Amino acid sequence: MRTPTCCCKSIVLLILFTIVSRKLNAQTSPIQPADTIEHYNKLVSRYRYDKSDSATYFANIGLDLAKRLKDPAGQALMLNQLGMIDDNVGQFDNSRKKYLEALNLYKRVGNTKGMATENIRLGVVEMRKGQFDKAIGYFLQALAISQRNGNQLGQMEGYITLGEAFAGQKKYPKAIAYYRTAEKLNNKIPFSNLSLNLFNDIGIAYRETSKLEEAKPYLLKGIKLSNIPQYQGLNITLTNTLASVYAKGGDIQTSITLQKTALEKARKINNYIRQIQTLTGLATTYGKADPKNALYYWQQALQLSESKKAYKEQIEELNAIAGIYESQQNYKAAYAARTKQYQLADDFFYKKMSRQIVSLQNAYELNQSKARVQELRFANNKSLLEQRVAYGVIAGVMVILLVVIFYYFKTRQLNRLLNKTNAELQESNTVKDKLFSVLGHDLRSPFISVINMLQLIDDDLDPSDRKEMLHRLEINARASLETLDSLLRWGQMQIKGIQLNQTYFLINPLIKRAVIFLAGVANDKNIHVKNTITDDVMVLADADHFEFIIRNLLSNAIKFSVPGGDVSISATSTNGQVAITVKDNGIGIAPDKLGGIFDFANVSTRGTGNESGTGLGLLLCKEFIEINDGTIQVQSKPGEGSAFTITLKNA
6 MRTPTCCCKS IVLLILFTIV SRKLNAQTSP IQPADTIEHY NKLVSRYRYD KSDSATYFAN
66 IGLDLAKRLK DPAGQALMLN QLGMIDDNVG QFDNSRKKYL EALNLYKRVG NTKGMATENI
126 RLGVVEMRKG QFDKAIGYFL QALAISQRNG NQLGQMEGYI TLGEAFAGQK KYPKAIAYYR
186 TAEKLNNKIP FSNLSLNLFN DIGIAYRETS KLEEAKPYLL KGIKLSNIPQ YQGLNITLTN
246 TLASVYAKGG DIQTSITLQK TALEKARKIN NYIRQIQTLT GLATTYGKAD PKNALYYWQQ
306 ALQLSESKKA YKEQIEELNA IAGIYESQQN YKAAYAARTK QYQLADDFFY KKMSRQIVSL
366 QNAYELNQSK ARVQELRFAN NKSLLEQRVA YGVIAGVMVI LLVVIFYYFK TRQLNRLLNK
426 TNAELQESNT VKDKLFSVLG HDLRSPFISV INMLQLIDDD LDPSDRKEML HRLEINARAS
486 LETLDSLLRW GQMQIKGIQL NQTYFLINPL IKRAVIFLAG VANDKNIHVK NTITDDVMVL
546 ADADHFEFII RNLLSNAIKF SVPGGDVSIS ATSTNGQVAI TVKDNGIGIA PDKLGGIFDF
606 ANVSTRGTGN ESGTGLGLLL CKEFIEINDG TIQVQSKPGE GSAFTITLKN A
C-alpha cells in the first residue's frame, strides 16, 4: 500500500510532466494533438479511482482548455468527470451541481447523448441519497431521450438504472423485469461494460430473492468476459458478488477464496474503491464466526479509507469495529472507535445538515417577509385589483369570441367547399349554439358575480366579512377559470387537433396535485377525498392529458356529492393495463342521460351546491383518453353515486 507521502510525490511528478509536455508542445503550435479534451479525459479516467487529486488536476486543465476553445461539449465532459470524482468520495451535493451544469451545456448544443448521460448521473446521486422517486424521474428522462434518438446502448443503460432504483427499494420482481428488458437489448448490440453491470445486477437480484443457482451463471459469465485489463474493476465487483452468493448458500470457504482473489487484483491495479469494497466484504463474511479476522479486514479497510479521506466509508467501518470490540468486552477500544465515529459523523453530516437548516430558515423568513409585503400591497391597491380582474375578464371573453368567430367562419368555408350533409350542418350549428350559450350564461354570470363582489369590498368591512368575501371571490374566479380553460382546450382542439406527447410517468404525483387543487372546494362541502393509489403505479400517456382527465373527474365527483360525502381514487393493474377509478356516493346519473354524457349534446346539470358547468369536460376527457389508446367507462345509479374508470397502458 502506498503511503500519503508517496502519493504526493506521484502527483508532483505528474504535474511536472504535464507542464514540461505543454511547454514543449507550445513551441510548435498553440494546441497540439496531445493537448486535447480527449487526452485529459483519458488521464482523468485513468487516475479517478486511485489518485483523485491527480484526476481533479487534469480535469480542471481540460475544463480550462474547453473554455478557451469555446467548446461547450468539452466543458460538459470535464464537469461530468469532476462530478464523478466528488461522487466517489460521497460529496453528492457538489457532484449534483456539476452534473446539472453539464446537462445545461449539453442542452445548449443539442447533444442528446450527453443529456441522457447527465440524467443518469443525476439519478445515481439521488439514489445514493435514498431519494428513489427523484432517481426514477431522472432515469425515465434519460430513457425517453435515448428512445427518441434511437440510441440502443443508452436505452439499455436507462432500463438497468431503473432496475437498480427498484432494487434499492427491495422491489426485486420489478427490478428483474427491467433487467430482462435490458438483457434483450444487450443481445442485439455489441458487448460493453454495461453488459457486465447488467450481469452483476441480475446476480444481486437473484441473490436477494434466494435464487442462488440462477444468479451464478450470470456472474460466472461476467467474470469470464471481464478477465481483460480494461475491465478489471468490474471483474473484481463480479467476483465479490459471486462470493456473496456462495456465502449466502453457506459455502464460506469458497466465498473467502474468491474475495482474496479479488483483493489481490484490486491491489494490483491500485483501485482503492474496489479494495475497500473487497476488504469490507471479507470482514462481513468472517463476521461473528471469526471476529479476529473480521477485525483485521475492517481495520485494513479503515486505514485505506482514511488515506483517501472517504468519510462515509470510515464511519461505517468504525461502527463495525466498535461492534466487534463490544462483543469482545474490550470497552476501552470500543469507546475510542465510537468516539471517532461520532466525531466524523458530526463533521461530515451534522454540521453540513446544520448549514442547510440555517439556509432553509433564512429562506423561510425571507418568504414570510415577502408575504407580509404582498399583503400590504393587496390592502393598498384594491382599485388596481378591480381593474386587473376586469381587464382579465374582458381579455378572456375576447379570446373565446375570437375562437368562436374563427370556428364559425371555418365552418362556413367548409360548407361552401365540401358541401356538407344536413346532419353535419346540424352538428356544426349545435356546436355554435352551445358555445354562444356558454358565453351568454355560464361565463357571463360568474364574471358579473366577481365584479359585483369586488365592488362590495371596501375598507369599512369587518375583517371576517372581508375574508368571507375574498373566499367567495376565489371560488367564483376558480369556477370561471375552469370553464374558460375547458372552452379554450376544446376550441384549440377543433382548430389544431389534439397535440400528443406520450411518456412513461408515475401517476400519483399528478393525482395528489389534483386533490390539493380541489381541496378548498371539497372542504367547503365537507367531502372526504381518499387516494389509495401506491407510488409505483406508472402509465404510458400524455401527462397533461392525464392530469386534465383526473382533475375533471375528481371535480365532477365533488360537484355531485352531497355534503359530508366520500370520494375515492383507486387503481388496479392487469394484463399490461392500469384501471384508475374515481368513485363518489352522490346523487348519481339518471339512466336516460347515462348514454350521452360523453357527447357534445350533453347538457350540464347543476351540482349539489348549485355549481354550474359547460358539459365540455367529459367530452374532452373522452377525446383525450382515446388519443392515448385508452378507454373511459361509467357506472351509476340515481341516489347511490357514480364511478368513472379510465384504462391506460402500464409501464
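Residue numbers (this note's numbering): 6 to 656. Even glycine gets a Cβ: it sits at the ideal position worked out from N, Cα and C. Everything numeric in this text was worked out from a predicted model, so none of it was measured.
| Item | Value |
| --- | --- |
| What ranges does the beta strand (DSSP E) occupy inside the region 52 to 117, keeping only unbroken runs of at least 3 residues that lie completely in it? | none |
| Alpha carbon to alpha carbon, how far is Ala172 from Lys75? Give it in angstroms, no decimals. | 41 Å |
| Please go through the same chain and pick out, in chain order, the residues whose beta-carbon is closer than 6 Å to the beta-carbon of Ser200, but skip the five residues on each side of it. | Asn191 |
| Can you tell me where the beta strand (DSSP E) with Phe196 in it begins and where it stops? | No beta strand (DSSP E) contains Phe196, which DSSP labels as neither H nor E. |
| Kindly confirm or deny that the region 627 to 647 and the region 586 to 595 touch, where touching means at least three C-beta pairs closer than 8 Å. | yes |
| For my contact list, Ile632 and Leu478 are in at a C-beta cut-off of 8 Å; report their separation, rounded to the angstrom. | Not a contact, Cβ separation roughly 36 Å. |
| Skipping 5 residues on each side, what residues in its chain have a beta carbon closer than 7 Å to that of Thr244? | Ile228, Leu263, Thr266 and Ala267 |
| Just to confirm before moving on: does the CB-CB distance between Trp303 and Ala288 stay below 8 Å? | yes |
| Would you tell me roughly how many angstroms separate the C-alpha atoms of Tyr45 and Asn65, rounded to the nearest one? | 9 Å |
| Taking Cβ positions, are Lys318 and Ile281 nearer each other than 8 Å? | What sits at residue 318 in the sequence shown is Glu, not Lys. Taking 8 Å as the Cβ cut-off, Glu318 and Ile281 qualify as a contacting pair. |
| Around the C-beta of Asp467, are 16 or more other C-beta atoms found within 10 angstroms, so that it is buried, or is it exposed? | exposed |
| Please determine, among Lys134, Gln160, Gln136 and Gly135, the residue with the shortest C-alpha to C-alpha distance to Gln146. | Gln160 |
| In whole angstroms, what separates the C-alpha of Ile637 from that of Pro178? | 30 Å |
| In the structure shown, what three-state DSSP assignment does Leu653 receive? | strand |
| For Lys273, I'd like the list of residues in its chain whose CB is within less than 6 Å of its CB, leaving aside the five on either flank, ordered along the chain. | none |
| Hey, how far is the Cα of Thr246 from the Cα of Gln152? | 31 Å |
| Run the CB neighbour count on Ile602, radius 10 Å, all protein chains shown included, and call it buried at 16 or more, exposed below. | buried |
| Give the straight-line distance between the Cα atoms of Gly622 and His550, rounded to the nearest whole angstrom. | 12 Å |
| By the 10 Å Cβ neighbour count, where 16 or more other Cβ atoms means buried, how is Leu653 classified, buried or exposed? | buried |
| Could you pull out every residue in the same chain whose Cβ sits closer than 6 Å to the Cβ of Phe649, ignoring the five residues on either side in sequence? | Leu558, Val587 and Val639 |
| Check whether the Cβ atoms of Thr186 and Tyr164 sit closer than 8 Å, and answer yes or no. | yes |
| Kindly indicate which three-state DSSP category Asn506 falls into: helix, strand or coil? | coil |
| Near Glu213, which residues of its chain fall below 8 Å by C-beta distance, leaving aside the five closest residues on each side in sequence? | Ala172, Lys175 and Tyr177 |
| For a quick check, are the C-beta atoms of Lys253 and Leu217 less than 8 Å apart? | yes |
| Measuring straight from C-alpha to C-alpha, what distance separates Ala294 and Gly255? | 12 Å |
| What is the C-beta distance between Phe144 and Thr166, in whole angstroms, given that I count them as a contact (C-beta under 8 Å)? | 5 Å |
| Report yes if the C-beta distance between Leu110 and Gln80 is below 8 Å; otherwise report no. | yes |
| Here's the rule I'm using: 16 or more other beta-carbon atoms within 10 Å means buried, otherwise exposed. How should Leu4 be labelled? | Absent from the structure is residue 4, since the part of the chain shown begins at 6 and ends at 656. |
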